[in-house]
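Notes follow the structure.
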Amino acid sequence: MTKPLNIGMIGYGFMGRAHSNAYRRVNNFFDLEYGPVLKAACARSLEQVKAFADKWGYESVETDWRKLIERKDIDAVDICVPNNLHLEIATAAAQAGKMILCEKPLALNGADGKKMVEAVEKAKVPNMVWYNYRRVPAVTLAKNLVAEGKLGKIFHYRANFLQDWTISADLPQGGTGLWRLDVAAAGSGVTGDLLAHCIDTAIWLNGDIATVNAMTETFVKERKHNLTGKVEKVGIDDACTFMCRFDNGSLGLFESTRYARGHKALYTFEINGEHASIKWDLHDLHRLQYFDHRDPGIVRGWRSIHVSDGDQPYMKHWWVPGLQIGYEHSFVHQVADFIEGITKGKPAMPDFKDAQRTQLICDAVLASAKDKKWMDVVKA
Ligand SMILES: NC(=O)c1ccc[n+]([C@@H]2O[C@H](COP(=O)([O-])OP(=O)(O)OC[C@H]3O[C@@H](n4cnc5c(N)ncnc54)[C@H](O)[C@@H]3O)[C@@H](O)[C@H]2O)c1
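In structure tokens form, the structure reads like this:
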């Protein structure tokens, strides 16, 4: 019998659904001491949160996140709302002694992120940030290969996250579905939304980033704001490119935009080491491309590893070798690791403190673009 872990979910959008699915699935595939119970879902509209609760099997609903946090029957609060709400909710949840699973980016900026780290450390509550790409099996395999030293000394890290959904100048900013275009709700544009993922994966695989040099652009300067009805200045970065130096001496190149016509969610990274290179592509997420210069010359070349075997990360929990899994499973893995973490007293990463590194790198990227100069990343 598993012990109950009562979840209070705040937000029922894209991530509210992805996480709810993970909570429902996890005990079917992983043997864990705790089983998530979908105790309460919270959003501002009673009608909509009820419909969500019915669909996903939540036992009750709230329309004020403060009420949810006060409830004695909630063990863990899951924050799946726009970025500007993360600080206030996480701080209140920590003070109430709840475990916290917070969506990325941790906060609007490093200053807010610092307050969140302090809040969870003071309250000593388990905490985690949903940088879910770490738990795509092919990405975890990349981590293992780098950690084993298979690549040797790393020279280059390259990452892209390309989309094309904000090209139309008629698209408004703000409100439901479009809060990502409103700097007050999002904090930044592609830097906090997309590059944050690339940076989290990069520092996990290749260590910390020391210094950055960035440029950003806002291609559409004014958009109608859905909340005020007025045409307002756009405060987010539509595109961001930066180069950087990692602590280990390697060079990094990162690009993200929502103006790359034809690309919907093209997240790719490549690492070039002394002996070997690896490449990964979200559109083909179950494969890892690997080139090893030490292979005999006549068979040397890029191999496409289909990550589906039981001895590859997470895969023994799923089907049989050769059958792959998808995007939603990365969230199942993250819940499984969170539960393992609270059982063993060894937190699943990234916790708030770890995710704050990404926040500080995003701050340095935006500051560098603004001041048009190299910027050292603030050490915690
Ligand atoms: N890990 C990932 O890959 C990933 C992917 C998408 C989004 N995210 C992050 O998840 C968070 C949510 O993004 P999303 O795509 O799910 O957004 P969304 O717009 O789909 O959903 C946001 C939800 O927040 C609710 N909400 C807004 N204000 C609220 C309030 N005051 N009280 C209660 N509920 C409120 C809305 O009703 C909605 O249900 C963001 O921080 C985002 O950056 C992460």
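Here the sequence shown stands for residues -15 to 364, where the numbers follow my numbering.
Ideal Cβ placement from N, Cα and C applies to all residues, glycine included.
Original post:
Along the chain, where does the beta strand (DSSP E) that runs through A24 open and close?
Top reply: In the sequence shown, counting from the first residue as 1, residue 24 sits at position 40. Counting along the chain, the beta strand (DSSP E) containing A24 begins and ends at Y18 to C26.
Original post:
Where does L125 fall in DSSP's three states?
Top reply: As a working note, residue 125 is residue 141 in the sequence shown. Helix at L125.
Original post:
Looking at Y311 and ligand 1, is the gap between the Cβ and the nearest heavy atom below 6 angstroms?
Top reply: For the purposes of this step, residue 311 is taken as residue 327 along the sequence shown, with counting starting at 1. Outside the cutoff, so no.
Original post:
The alpha helix (DSSP H) with V10 in it runs from where to where?
Top reply: Numbered from 1 along the sequence shown, position 26 holds the residue referred to as residue 10. Segment F(-2) to F13, the alpha helix (DSSP H) holding V10.
Original post:
Going along the chain, which residues of its own chain have a beta-carbon closer than 7 angstroms to the beta-carbon of R245, five neighbours each way excluded?
Top reply: What you label residue 245 is simply residue 261 of the sequence shown in a count that begins at 1. These residues qualify, in order along the chain: D148 and I151.
Subject >> Segment contact, 8 angstroms Cβ cut-off, at least three pairs: the region 31 to 40 with the region 125 to 144 >> reply: no
Subject >> Selected residue, minimal CA-CA separation from P368, among K34, M83, E72 and D293 >> reply: Any question about residue 368 goes unanswered here, given that the chain covers just -15 to 364.
Original post:
CB-CB under 6 angstroms to R119, same chain, minus the five flanking residues each way: which ones, in chain order?
Top reply: Mapped onto the sequence shown, residue 119 falls at position 135. Closer than 6 angstroms at Cβ, skipping near neighbours: S314, H317 and Q318.
Subject >> Backbone CA spacing between Q308 and S292 [nearest angstrom] >> reply: Here residue 308 refers to the residue found at position 324 when the sequence shown is read from its first residue. Here residue 292 refers to the residue found at position 308 when the sequence shown is read from its first residue. Distance between the alpha carbons of Q308 and S292: 5 angstroms.
Subject >> As assigned by DSSP and simplified to three states, the class of H290 >> reply: Mapped onto the sequence shown, residue 290 falls at position 306. Correct three-state label for H290: strand.
Subject >> Per-residue burial, P89 [other beta carbons within 10 Å of its own, 16 or more giving buried] >> reply: The residue labelled residue 89 in the question sits at position 105 within the sequence shown. Label assigned to P89: buried.
**OP:** Compare the beta carbon distance of A353 and T195 with 7 angstroms and say whether it is the shorter of the two.
**Re:** Here residue 353 corresponds to residue number 369 of the sequence shown, with the count starting at 1. Here residue 195 corresponds to residue number 211 of the sequence shown, with the count starting at 1. Cβ atoms of A353 and T195: not closer than 7 angstroms.
Subject >> Candidates A95, Y(-4), E216 and A2: closest to A364 by CA position >> reply: Taking the first residue of the sequence shown as 1, we reach residue 364 at position 380. A364 has its Cα closest to that of A95, out of A95, Y(-4), E216 and A2.
**OP:** If I'm right that L16 touches T(-14) with Cβ under 8 angstroms, what's the distance once you round it to whole angstroms?
**Re:** In the sequence shown, residue 16 corresponds to position 32, counting from 1. In the sequence shown, residue -14 corresponds to position 2, counting from 1. Indeed, because the Cβ distance is near 6 angstroms, the residues count as touching under 8 angstroms.
Subject >> Where E258 falls, given that 16 or more other Cβ within 10 Å makes a residue buried >> reply: To locate residue 258, count along the sequence shown from 1; it is residue 274. Per the 10 Å Cβ criterion, exposed.
**OP:** Using the Cα positions of E132 and L52, report the straight-line distance between them to the nearest angstrom.
**Re:** Position 148 of the sequence shown, counted from the first residue, corresponds to residue 132. Position 68 of the sequence shown, counted from the first residue, corresponds to residue 52. Looking at the two C-alpha atoms, the distance is approximately 44 angstroms.
Original post:
Going by DSSP, what residues sit across from L146 in a beta bridge?
Top reply: Here the question's residue 146 lines up with position 162 in the sequence shown. Note: L146 sits in a beta bridge opposite T241 and L250.
Subject >> Distance between V104 and R8 (C-alpha atoms, nearest Å) >> reply: Here residue 8 refers to the residue found at position 24 of the sequence shown. Here residue 104 refers to the residue found at position 120 of the sequence shown. Approximately 26 angstroms between the Cα atoms of the pair.
Original post:
Beta-carbon separation of W264 and F275 under 7 angstroms?
Top reply: Working through the sequence shown from its first residue, we reach residue 264 at position 280. Working through the sequence shown from its first residue, we reach residue 275 at position 291. No, Cβ-Cβ distance for W264 and F275 is not below 7 angstroms.
Original post:
What is the DSSP secondary structure of H277, reduced to helix, strand or coil?
Top reply: In the sequence shown, residue 277 corresponds to position 293, counting from 1. It is coil, neither helix nor strand.
**OP:** Grab the span of the alpha helix (DSSP H) containing E46 for me, first residue to last.
**Re:** For the purposes of this step, residue 46 is identified with residue 62 of the sequence shown, where counting begins at 1. From DSSP, E46 is part of no alpha helix (DSSP H) but of the beta strand (DSSP E) over S44 to E46.
**OP:** Please state whether DSSP places Y117 in a helix, a strand or coil.
**Re:** Indexing the sequence shown from 1 puts residue 117 at position 133. Note: Y117 maps to helix in three-state DSSP.
Original post:
How long is the line joining the alpha carbons of V123 and P334, rounded to whole angstroms?
Top reply: As a first step, residue 123 must be located in the sequence shown, where it is residue number 139. As a first step, residue 334 must be located in the sequence shown, where it is residue number 350. Straight-line Cα distance between these residues: approximately 15 angstroms.
Original post:
Grouping DSSP H, G and I as helix and E and B as strand, with all else coil, what is C346?
Top reply: Numbered from its first residue, the sequence shown carries residue 346 at position 362. Three-state result, C346: helix.
Original post:
Is Q315 helix, strand or coil by DSSP?
Top reply: For this step, residue 315 is matched to residue 331 along the sequence shown. The sequence given here places Phe at residue 315; Gln does not occur at that position. Three-state result, F315: helix.
**OP:** Tell me whether the beta-carbon of G369 lies closer than 7 angstroms to the beta-carbon of I58.
**Re:** Outside the displayed range of the chain (-15 to 364) lies residue 369, so it cannot be described from this structure.
Original post:
Hey, which unbroken runs of the alpha helix (DSSP H) at 4 residues or more fall wholly within the region 73 to 121?
Top reply: 94 to 107
Subject >> contact_flag[the region 204 to 218, the region 175 to 193] where n(CB pairs < 8 angstroms) is 3 or more >> reply: no
**OP:** Would you give the residue range spanned by the alpha helix (DSSP H) that C182 belongs to?
**Re:** For this step, residue 182 is matched to residue 198 along the sequence shown. Unbroken alpha helix (DSSP H) run through C182: A180 to N190.
Subject >> Exposed unless 16 or more other CB atoms sit within 10 angstroms - verdict on A35 >> reply: On the sequence shown, position 51 is the one that residue 35 refers to. Counting Cβ neighbours within 10 Å, A35 comes out exposed, since fewer than 16 surround it.
Original post:
Between which two residues does the beta strand (DSSP E) carrying K31 extend?
Top reply: Stepping through the sequence shown from its first residue, residue 31 is reached at position 47. Residue 31 is actually Glu in this sequence, not Lys. That residue, E31, is in no beta strand (DSSP E); its alpha helix (DSSP H) goes L30 to W40.
Original post:
What residue from L237, V113, L(-11) and Q157 has the CA that sits closest to A186's CA?
Top reply: Position 202 of the sequence shown, counted from the start, is the residue given in the question as residue 186. It is L237 whose Cα lies nearest to the Cα of A186.
Original post:
How would you write the range of the beta strand (DSSP E) that L(-11) sits in, first residue to last?
Top reply: Reading the sequence shown from its first residue, position 5 is the one you call residue -11. Segment K(-13) to I(-6), the beta strand (DSSP E) holding L(-11).
Original post:
Under a three-way DSSP split, which group does S261 fall into?
Top reply: Numbered from its first residue, the sequence shown carries residue 261 at position 277. In this structure, S261 counts as strand in the three-state DSSP scheme.
**OP:** Taking all protein chains shown into account, decide if N(-10) is buried (16 or more other Cβ within 10 angstroms of its Cβ) or exposed.
**Re:** The sequence position of residue -10 within the sequence shown is 6, counting from 1. Classification of N(-10): buried, given that the 10 Å Cβ count is 16 or more.
Original post:
To which residues does DSSP link R271 through a beta bridge?
Top reply: Your numbering for residue 271 matches position 287 in the sequence shown. Note: R271 sits in a beta bridge opposite H290.
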